[in-house]
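Following: one structure in structure tokens, then a few remarks.
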Amino acid sequence: MKLYNPGGERGSAMSYAALLEKIEIMRSTLRWATRMERPDVEKLLRQANTLRDEVMGLSHKERFVEAIGAETASERRAGSSAELPAQLADALPAGERRRALLARSFVFEGTFGDNPKLLDALEIAEKAAPTDLPVLVDGESGTGKELMAKVIHANGSRADKPYISVNCGAIPDSLLESELFGHKKGAFTGAANDRKGKFESAHKGTIFLDEIGELPLPGQVKLLRVLQSHEIQRVGSDETISVDARIVAATNKNLRRLIEQGSFREDLFYRLSVIHVTLPPLRERKDEIPLLIAYYGDESAEALKRRPVALTPRLRDFLLAYGYPGNIRELRNIMYRISCLAGEAADLSHLPEDIRPALAPAVAPASTPASATMAAANVSLAEAKRAASDEAERHCLERGLQEVGGTVTELARRWDMNRSHLQILLKKHGLHSKDFKH
Ligand SMILES: Nc1ncnc2c1ncn2[C@@H]1O[C@H](COP(=O)(O)OP(=O)(O)OP(=O)(O)O)[C@@H](O)[C@H]1O
Ligand SMILES: [Mg+2]
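Position 391 of the sequence shown, counted from 1, bears residue number 417 in this note's numbering, the numbering being contiguous throughout.
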């Protein structure tokens, strides 16, 4: 097994020693057992699962270092940056800051990148994690807010306790209170049994309140009360129950603006945002796009059990320049889509339709319907792009089918495309391969 040990830093070496020790304990349990009772087997399985998670965690770190890994050990400064006081972190170059986090055994949970703004966020998370202070994470959709909440949980003293996630935007108003605080049997129609709420489930652990900006005002009042008293009451019950849950909240809304508009309580905002972390959008981390493409290219290939797909230069150029309004999630999805649809090499045609640039042969003459659509003053740019792209696609498919005399397999081979994807495209445009038989 290739051991992860960047520059021999202390934290990682110790992680391996600890892992080996655990494996040894499990081995000796098995070696000396004459027979095992069910509880022992279950215990062993639990230990094995924990171990697997830890190994996966290390492998994440290894991949992270490999993906970034331009510098060689000799280029690193003498001595471990783990020894440097944290205050000096700001003065360090990004690579050193990331390595210092690694050397301090920071758990990244798969978060990677060494953009200074992201590192700022990770360093804040590192300091906030061991405390019980509430953290508010904000940032655009797909920037990694939920991942950051997991990072905070994983690096704190509650890491082995529950992590409970609640999507505040997805709970109907009428069920909110019961969902968060639980209910007593018979509290309302349909409450057939006593039920624990999310806060109780998160006792001693972390509760992640996602989309907190969507929480309606009455829910905000109730949440505020819990934050102040650390107690809850199940719906329909007078009994107060103490809960000790660490709160991490996330939003892609500008809460200050919501406060001005009167839809978010200012006092709740201040309670939740004792530590405030803002994640940068991908367009402000463009330098990391090549790394993310490589990472998700590999990850998707692994998930889809295929070889990593090669990108044509024009697709690569597109992916490097694209604005990614859906941030890392969008980039990840694109890489999975490409890996699923393309053969050996992926091209622009494998991009989702709504972002696909019109292909050169597809530039339509002025009289075509798509151009006419585009000329209409009231269509949005996205619609115009989609129409042009559709037309380009159809044009390409027709020409391609003509060239191969309607043999779809041959066309798929020539275009290095997955045959079934090609069939889907033909169906979409109502094209029949037999119409192109010579
Ligand atoms: N820095 C990062 N490194 C690696 N993967 C990342 C990073 N940031 C985000 N991701 C990945 O991007 C995807 C979206 O992340 P996540 O769900 O945490 O975003 P979010 O901000 O909560 O989005 P939304 O606002 O839409 O809920 C996930 O697959 C996550 O693993
Ligand atoms: Mg999210």
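We put the beta carbon where it would ideally sit given N, CA and C, even for glycine.
Close Cβ partners of residue i (< 6 angstroms) along its chain, the five nearest in sequence each way excluded
i    : result
F290 : L281, L284
G182 : A155, P156
G456 : none
G323 : P334, M361
I238 : C194, A275, T277
H376 : I364, L367, A368
Contact test: residue i Cβ vs ligand 1 heavy atom, cutoff 6 angstroms
i    : result
L173 : yes
R64  : no
T169 : yes
T435 : no
F138 : yes
E355 : Note that residue 355 corresponds to Arg in the displayed sequence, not to Glu. For ligand 1, at least one heavy atom lies less than 6 angstroms from the Cβ of R355.
R358 : yes
N219 : no
N141 : no
E278 : The question names Glu, yet the displayed sequence has Asn at residue 278. Yes - ligand 1 has a heavy atom lying nearer than 6 angstroms to the Cβ of N278.
Cross-strand partners of residue i (DSSP beta bridge)
i    : result
I258 : I267
L235 : V192, A275
G208 : K222
V133 : DSSP output for V133 lists no bridge partner at all.
A414 : None, per the DSSP bridge assignment.
A368 : M443
L162 : A275, H302
A336 : A371
Cβ shell of residue i (< 7 angstroms), same chain only, five flanking positions each side left out
i    : result
V161 : A154, I178, V274, I301, V303
H447 : L367
L202 : G245
E166 : N278, P307, N353
P383 : F344, L374
Integer Cβ distance of residue i from residue j, believed to fall under 8 angstroms
i    : j    : result
I354 : G170 : 6 angstroms
K222 : L206 : Wrong, their Cβ atoms sit about 11 angstroms apart, outside the cutoff.
T55  : L71  : 12 angstroms between Cβ atoms; not a contact.
A218 : H209 : With 8 angstroms as the limit, A218 and H209 do not qualify as a contact, their Cβ atoms being about 10 angstroms apart.
R184 : L253 : Not really, about 17 angstroms apart at Cβ, beyond 8 angstroms.
A371 : A347 : Not really, about 19 angstroms apart at Cβ, beyond 8 angstroms.
D236 : E172 : 6 angstroms
Cβ neighbours of residue i in the same chain (closer than 8 angstroms, five flanking residues each side left out)
i    : result
T433 : S459
H464 : G431, G432
A151 : V161, M174, V177, I178, N181, V303
- Touching by the beta-carbon criterion (3+ pairs, under 8 angstroms), the segment 303 to 310 and the segment 265 to 273: Taking 8 angstroms as the limit for Cβ pairs, the verdict is that the segment 265 to 273 does not touch the segment 303 to 310.
- Query: Per the contact definition of three or more C-beta pairs closer than 8 angstroms, is the segment 340 to 348 in contact with the segment 409 to 429?
  - Reply: As far as the Cβ criterion goes, the segment 409 to 429 does not touch the segment 340 to 348, which means the pair count is below three.
- Task: Check whether the segment 179 to 191 touches the segment 226 to 236, counting contact only when three or more Cβ pairs, one atom from each stretch, lie closer than 8 angstroms.
- Result: These segments touch.
- Counting pairs of Cβ atoms below 8 angstroms between the segment 311 to 320 and the segment 129 to 144, do you hit three or more? The way I'd put it, the segment 311 to 320 does touch the segment 129 to 144; three or more beta-carbon pairs between them come closer than 8 angstroms.
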